[in-house]
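Following the working numbering, the numbering of the sequence shown begins with 300 at its first residue and continues without gaps.
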Amino acid sequence: MSSNDPTDDRTNTDDATTSEAAGRDGTRTVDDRESARAQRAWWDGEADDYYREHGAFLRDEHLVWGPEGWTEEELRIIGPVDGLDVLEFGAGAAQGGRWMHDQGARVVASDISLGMLEVGRRIDERQERALPLVQADAARLPFADASFDLAFSAYGAVPFISDTAALMVELARVLRPGGRLVFSTTHPTRWAFPDVPDEAGLVAQYDYFDTAPYVERAGGLVTYVEHHRTLGGRIRELVAAGLQVQDVVEPTWPERNDQNWGGWSPTRGRVIPGTAIYVAKKAGTA
Numbered sequence: 300m301s302s303n304d305p306t307d308d309r310t311n312t313d314d315a316t317t318s319e320a321a322g323r324d325g326t327r328t329v330d331d332r333e334s335a336r337a338q339r340a341w342w343d344g345e346a347d348d349y350y351r352e353h354g355a356f357l358r359d360e361h362l363v364w365g366p367e368g369w370t371e372e373e374l375r376i377i378g379p380v381d382g383l384d385v386l387e388f389g390a391g392a393a394q395g396g397r398w399m400h401d402q403g404a405r406v407v408a409s410d411i412s413l414g415m416l417e418v419g420r421r422i423d424e425r426q427e428r429a430l431p432l433v434q435a436d437a438a439r440l441p442f443a444d445a446s447f448d449l450a451f452s453a454y455g456a457v458p459f460i461s462d463t464a465a466l467m468v469e470l471a472r473v474l475r476p477g478g479r480l481v482f483s484t485t486h487p488t489r490w491a492f493p494d495v496p497d498e499a500g501l502v503a504q505y506d507y508f509d510t511a512p513y514v515e516r517a518g519g520l521v522t523y524v525e526h527h528r529t530l531g532g533r534i535r536e537l538v539a540a541g542l543q544v545q546d547v548v549e550p551t552w553p554e555r556n557d558q559n560w561g562g563w564s565p566t567r568g569r570v571i572p573g574t575a576i577y578v579a580k581k582a583g584t585a
């Protein structure tokens, strides 16, 4: 739920904590309420550590689309935003929102985690700016219909919400006719591979078509969850929400980036895609 929030590879050392991933069990479901509680608690607790670990990579006022390190300035997926009303949902510390603001957009940044927004507030204080920050579940946004020309997110919200079909409907609701939805998330093919950065992560072990969530829990309580959709499933959700899919961008791994980020790495990124960026438009004329 943080901006650019791919899941780091985890090894649980607490005997009370167990993990299961899609294809390993297939019997557990996690509904929206449980998912929202888990992600809010996780990111409230991890916000400061996450920023300390990844803040330099993400930078405070850039839109970095994923662990590959490509920025919007480089890829130009969205294009000019001067004068647009823009929502960054699943904003984390609102790095992307700050970049949009600097390009002339009127930006609101929302996130379910107050802890992540507090990190964003401290960044704003250092920079002597005041980007509007709103604590909100992306599946239940506190904005009127047709409020924005653009809604975007870099690895925020989408993987952490159980009913992403309803999420797409909600995002379409707050867009104006002709408005655009652009978001990055884990490329669906990665779901079939172990989340490790070396060659072992290049051998498919799990069922790509199994959409049971990845779950971590302690003492029976869900502490972290991610939800998987196949590529076709994601496209169908967008179309069902009344959105026209314009592109699915699969960034390559740039030669300049020699860093690992959890299971994302040069070793894997030069062979299989790690990130998918979905670009869609609401029907009508802006």
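Think of the CB as a built atom: it goes at the ideal place given N, C-alpha and C, for glycine as much as any other residue.
Looking at residue j and residue i, is the spacing between their C-beta atoms short of 7 Å?
i: G414; j: A392; result: no
i: A575; j: V538; result: no
i: D423; j: L430; result: yes
i: M467; j: E536; result: yes
i: G389; j: A464; result: no
i: E372; j: W552; result: no
Considering Cα atoms alone, identify which of the options is closest to residue i.
i: V578; options: Q558, T584, R567, I534; result: I534
i: D509; options: L386, L530, H361; result: L530
i: Q426; options: I411, G344, Q394; result: Q394
i: Q434; options: S409, R489, G354; result: S409
i: R336; options: E498, S461, G500; result: S461
i: G541; options: H353, D331, G478; result: G478
i: S483; options: F451, L386, G532, D348; result: F451
i: E360; options: A491, R421, Q338; result: R421
i: E498; options: V363, L480, N559; result: N559
i: V385; options: E371, Y507, H400; result: H400
i: A453; options: V380, L432, L480; result: L480
i: G378; options: Q402, V407, R567; result: Q402
i: F492; options: E333, R567, R332; result: R567
i: R428; options: G532, N556, R397, G455; result: R397
i: V570; options: A582, G518, R555, T488; result: T488
i: L432; options: V407, A456, W369; result: V407
If I measure Cβ to Cβ from residue i and keep anything under 6 Å in the same chain, skipping five residues before and after, which residues do I get?
i: L383; result: A404, D448, L449
i: P572; result: H486, E549
i: V380; result: M399, Q402, A404
i: A355; result: none
i: R516; result: T522
In the DSSP assignment, find the alpha helix (DSSP H) that holds residue i and state where it starts and stops.
i: E469; result: 463-473
i: T566; result: 565-568
i: F356; result: 331-357
i: A394; result: Note on residue identity: the sequence assigns Gln, not Ala, to residue 394. Here the alpha helix (DSSP H) through Q394 covers 394-401.
i: E371; result: 371-374
i: A539; result: 530-539
Please return the same chain residues whose Cβ sits closer than 7 Å to the Cβ of residue i, not counting the five positions on each side in sequence.
i: Q545; result: V578, A579, K580
i: T584; result: P476, G477
i: E525; result: T306, P458, F459, P512, Y513
i: V329; result: S461, P512, V514, V521, V524
i: S412; result: M300, R339, W342, D343, A346
i: D348; result: none
i: W490; result: A321, Y505, Y507, H527
i: E333; result: V521
Check for me: the beta strand (DSSP E) holding residue i runs from which residue to which?
i: E525; result: 520-525
i: R405; result: 405-410
i: V578; result: 574-581
i: A367; result: Checking the sequence, you will find Glu at residue 367 rather than Ala. Unbroken run through E367: none, as it is neither H nor E.
i: E417; result: Not the beta strand (DSSP E): E417 falls in the alpha helix (DSSP H), residues 413-426.
i: E360; result: Premise fails: E360 is in no beta strand (DSSP E) and is neither H nor E.
i: R516; result: 513-517
i: A453; result: 447-453
i: E387; result: 384-387
i: D546; result: 542-548
Between which residues of its own chain and residue i is the CB-CB distance below 8 Å, once the five residues before and five after are set aside?
i: V502; result: F492, P493
i: P496; result: D308, N559, G561, G562, W563, S564, T566, R567
i: G500; result: F492, P493, D494, G562, S564, T566, R567
i: R555; result: G368
i: T310; result: Bear in mind that a pLDDT of 34 at T310, under 50, signals an unreliable position, so the number given afterwards is only what the model happens to contain. Cβ within range, chain order: n/a, list empty.
Using a Cβ distance threshold of 8 Å, determine whether the region 458-474 contacts the region 437-445, with at least three qualifying pairs required. yes
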